[in-house]
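From first to last, the protein sequence lines are chains A and B. Per this note's numbering, the very first residue in the first sequence carries number 912; after that it's consecutive. Per this note's numbering, the very first residue in the second sequence carries number 50; after that it's consecutive. The C-beta atom is built at its ideal place from N, Cα and C for all residues, glycine as well. Data first, discussion second: the structure below is written as structure tokens.
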Amino acid sequence: MPFTASSVKDGTTALVTLDGELDAQTADAFREEIERAVGWESQRLILDMTNLSYLSSAGLRALVFARQKMADETQVVLVGVSDDVEQTIRLVGFHHSVTFSDRLPE
Amino acid sequence: MTTTARPVQDRIESFPTERIAGYGVRPGRVLPFGASLVPSGVNFSVYSSCAQAVTLVLFKNSATTPFAELPFPEEFRIGAVWSMTVFDLEIEDLEYGYRVYGPSDPDAGDRFDPTQVLADPYAKAVSGRSVWGVEPDWTDPYPYRSRLTFDDFDWDGDQPLRLPAEDLVIYEAHVRGFTNDPSSAVAHPGTYAGLVEKIPYLKELGVNCIELMPVFEFDEFQGGRVDEDTGESLLNYWGYSTVSFFAPKAGFAATGRYALQRDEFKHMVKELHSAGIEVVLDVVFNHTAEGNQDGPMIHFRGLDNRVYYLLTGEGDYYNFSGTGNTVNCNSPVVRDYVLSCLRFWAAEYHVDGFRFDLAAILSRGPDGAPMENPPLIESLAYDPVLQDCLLIAEAWDAGGLYQVGSFPNYRRWSEWNGKYRDTARRFLKGDPGMVGDLAKRVVGSPDLYHGRGTHSSINFLTCHDGFTLADMVSYNDKHNEANGEGNRDGANDNNSWNGGVEGPTADPDVRGLRNRQLKNAMVLLLTSQGVPMILSGDEVGRSQQGNNNAYCHDSVLSWFDWSLVNENSELLRFVRNCIGFRLATPLLRTRHHPRGSDVNGYPDVSWHGSRAWDADWSEESRLLAVLRSGELADGEAGFLYIALNSHWAANLLELPALPAELRWHVFANTSVAAPDDVATPGLEPVLPDQGWITIGPRAALVLVGRRLTS
């Protein structure tokens, strides 16, 4: 399944929706969307990963990139993360920097 | 309109100057050594004093054969350094190595072999053993593969703790052994993440420094064999055989399979620091996993054999390590390598200190002889990056060099005090003639470390080598049959005593005695000046069934058994309270050795026997009491009286008189049954009789002289 990342601005929230597989080859496309969201200077970044079928370690690093690119005060929310991915995120301590959510916040 | 920096892509250094094997390349950057990411490419830098040619070998992850081999152009070489920047590589799917061409002249020390793919000595991550114990492909021509790394860990303000060395209580542990047993109930047994789950246990115990047995990449299958009698797979479990010095062992990481071991390790350090616990690494520079000429060729042997290893005139390997080879630590190139490695771990991983295995080898010169002023030891002592790091030397080797007290120290190095271990064990088992030495050991061994501070002395009774504490009081002799070497391996001078029965027993008197001896050992260790080190598991009475060299057992024999936390809760409580007492009582952690000075009208340290002010130093004496005058927990002036009796008979002790306003309180008395064997620090009950106390047979007593709390 091809990877797509699309971003939309909704007030002070940036919503980036990911579809397909996030790995080394597709991380660049993801980073471009993040750069766009950074330009909006949002207070909240939501990454909708519900339709993400695969996340490699390169993809995980892309999430770290996203966190570091946003301002410290910006809340980063990961939506629809699989148990495996959430576990891996916790094991390397990245969970301190993000919020997990089962569904899209209002 | 905003001005932006000229985009990186336009800079000339981002463009190849030629193509090799289909890839754009340009002359590389000599520094840093190893592989590093540069704009649009990867820079590779490797050095060899006499290689004639070097080829970069590139693999896709786990592929059997390389997808490209790029010879370094001769014109890219600067001095002994071959460097090259390669463009358009898939950096997430890449393993790299080197073929090195040079003379094959073993007698002269040259063992170049371009048929071998060599690992990068500076590799920061290795794949090939990413999950512990998974049977590798034995036909893999390149088993320990160098990988690229990416720097994006968020330390969130973490920094090394910089606790004063004299305030440390060190806990020696094996990463895998600590949580691999199912009784640990952690989500990721045997890993850095598993260790993080047990931080609350460590905090409650009270230790503030964890010393991890080797975490640099090693091969658990090295020397692996199956025990003929038991069918057990014996592995290189301890890991004193380094494959890759800049890479944390992926097989110790729950996320090793995702190549996230570096992040997991850093997360572990960060969590330990948050809990107030320093991290010291056991590092092994005295030899490598390459062994002698019969061992595997991994890197050094094929890159620069006679630079990295101590060789005889005939090109044979000196073996001061007992493992096959000896690293040429004081040769200038190797010195730089060791220093850069330690700087890397201190800066990149926020490590608080290092314990150097067989450190006497680090004082040997290129000819093998001990040096009075070994440049490596000196460099480490003065290095700015390492300035806050604890430097601990295991100051002996397997070649007869014993330097406890004489290791070149530059007023900076600490040592594993082997004499403390020997004296303490011999006293505890009841040997005669030990009281004089014991006195020196409890005041930080000024005979060895005068003028250097008591923190130079790392005091210990047990470590990974030798018996556990529980076995030290349960066995007279070693029982290493399970190692498959006919019980010939392991130390014979254990200075242990089984209390009357060898091994497990139901005899309540023997069990009671052993339990008391464990507490005696802990009182001695935790009330001595110097830095105490506890072997993980001793606080709960862990046994290895008398095996004093369990290096090859990846099994319940060497794993921490967490059911002992409940089973031996009495001992655990005792140890926990002793640690708390030490950390709350400044006068036990005085950095300087006793000066005989006047402290509140009393000498800072004085010695006593059954009569106050009159110690018995005779050959047959088995009783020693020390009175210390100084600062107590609340900052008030006070006293400690610590008596140790290794005699089989009780003894009535005359207590030194205290100033009028103070009273003796009992912190610990190992003759008394729990819970009165030890008090909560600060809540010690007052002694009814302020003049006399009886110390039981083979017992220890700790009294605190302070104001009565009303």
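Under the three-state DSSP convention, the category residue i falls into
i, result
"B:N626", "helix"
"B:S577", "coil"
"B:V753", "strand"
"B:E260", "strand"
"B:T222", "Looking at the sequence itself, residue 222 of chain B is Ala, so the reference to Thr does not match. B:A222 falls in the strand class under three-state DSSP."
"A:A977", "helix"
"B:V572", "helix"
"B:R470", "helix"
"B:A54", "For B:A54, the pLDDT reaches just 49, beneath the cut-off of 50, and the residue's location in the model is therefore unreliable, leaving the point undetermined."
"B:D526", "coil"
"B:H657", "strand"
"B:E327", "strand"
"B:G128", "coil"
"B:M483", "coil"
"B:D201", "coil"
"B:F121", "coil"
Closest Cα partner of residue i within the set the options
i, options, result
"B:A570", "B:G590, B:N257 and B:S428", "B:G590"
"B:Q101", "B:W546, B:P152, B:A749 and B:G272", "B:P152"
"B:V382", "B:S370, B:G373, B:T375 and B:V356", "B:V356"
"B:V751", "B:L702, B:R194, B:F121 and B:L757", "B:L702"
"B:G182", "B:T279, B:A302 and B:E260", "B:A302"
"B:R225", "B:A242, B:A70 and B:G467", "B:A242"
"B:R75", "B:L86, B:S63 and B:G146", "B:S63"
"B:R68", "B:M133, B:F82 and B:G128", "B:M133"
"B:V103", "B:G71, B:G344, B:K109 and B:Y145", "B:Y145"
"B:D446", "B:L210, B:G272 and B:R413", "B:R413"
"A:A925", "A:P913, A:L963, A:L933 and A:A982", "A:A982"
"B:I326", "B:L440, B:Y220 and B:D205", "B:Y220"
"B:S293", "B:V715, B:L86 and B:G177", "B:G177"
"B:G482", "B:W666, B:E124 and B:P424", "B:W666"
"B:T164", "B:Y147, B:A172 and B:G158", "B:Y147"
"B:D520", "B:D542, B:G535 and B:E551", "B:E551"
Per DSSP, cross-strand counterpart(s) of residue i
i, result
"B:A442", "B:F405 and B:E464"
"B:H714", "B:V735 and B:V753"
"A:A1074", "Past the edges of chain A, shown from 912 to 1017, lies residue 1074 of chain A, and the structure says nothing about it."
"B:V727", "B:A717"
"B:N694", "B:L672 and B:A748"
"B:R677", "B:V654 and B:L689"
"A:V987", "A:L956"
"B:E67", "B:V74"
Straight-line Cα distance separating residue j from residue i
i, j, result
"B:A174", "B:D203", "19 Å"
"B:A236", "B:A749", "40 Å"
"A:V927", "A:V988", "10 Å"
"A:W951", "A:H1006", "24 Å"
"B:D169", "A:V975", "27 Å"
"B:L574", "B:V624", "10 Å"
"B:D471", "B:N544", "7 Å"
"B:A54", "B:V434", "A caution first: B:A54 carries a pLDDT of 49, below 50, which makes its placement in the model too unreliable to give a value."
"A:Q979", "B:D312", "15 Å"
"B:W465", "B:S505", "8 Å"
"B:D154", "B:Y96", "19 Å"
"B:D156", "A:A940", "57 Å"
"B:V727", "B:Q593", "27 Å"
"B:F488", "B:W656", "Correcting the residue identity first, residue 488 of chain B is Ala in this sequence and not Phe. When rounded, the distance between both Cα atoms is 8 Å."
"B:N529", "B:N377", "32 Å"
"B:Y250", "B:V329", "18 Å"
"A:A938", "B:F121", "31 Å"
"B:T52", "A:R947", "Legend: pLDDT at B:T52 = 45, less than 50; position of this residue unreliable, value from coordinates given subsequently. Rounded to whole angstroms, B:T52 to A:R947 spans 18 Å at the Cα level."
"B:N110", "B:R194", "9 Å"
"B:L244", "B:T361", "43 Å"
TODO: Can you give me, in chain order, the residues of the stretch 301–313 of chain B that have a beta carbon less than 7 Å from any beta carbon in chain A?
DONE: A303, T304, Y307, A308, L309, D312 and E313
Task: Interfacial residues, the stretch 972–1002 of chain A to chain B, with Cβ spacing under 9 Å - done: R972, V975, F976, R978, Q979, Q998, T999, R1001 and L1002
TODO: Could you run through the stretch 216–248 of chain B and flag, in chain order, every residue whose CB is less than 9 Å away from some CB of chain A?
DONE: A236, H237, T240, Y241, A242 and V245
- [ ] Pull out every residue of the stretch 924–951 of chain A whose Cβ sits closer than 7 Å to any Cβ of chain B, in chain order.
- [x] A935
Open item on the list: Under 9 Å, CB to CB, which of the residues in the stretch 184–207 of chain B have a partner in chain A?
Closed with: F199, D201, F202, D203 and D205
Open item on the list: So if I threshold CB-CB distances at 7 Å, which residues from the stretch 315–334 of chain B count as touching chain A?
Closed with: H316 and K319
Task: Against chain A: residues of the stretch 109–140 of chain B by CB proximity under 9 Å - done: E139 and I140
Task: the stretch 524–549 of chain B: positions lying closer than 9 Å to chain A by Cβ - done: none
Task: Chain-ordered residues of the stretch 142–156 of chain B with a beta carbon less than 9 Å from chain A - done: D142
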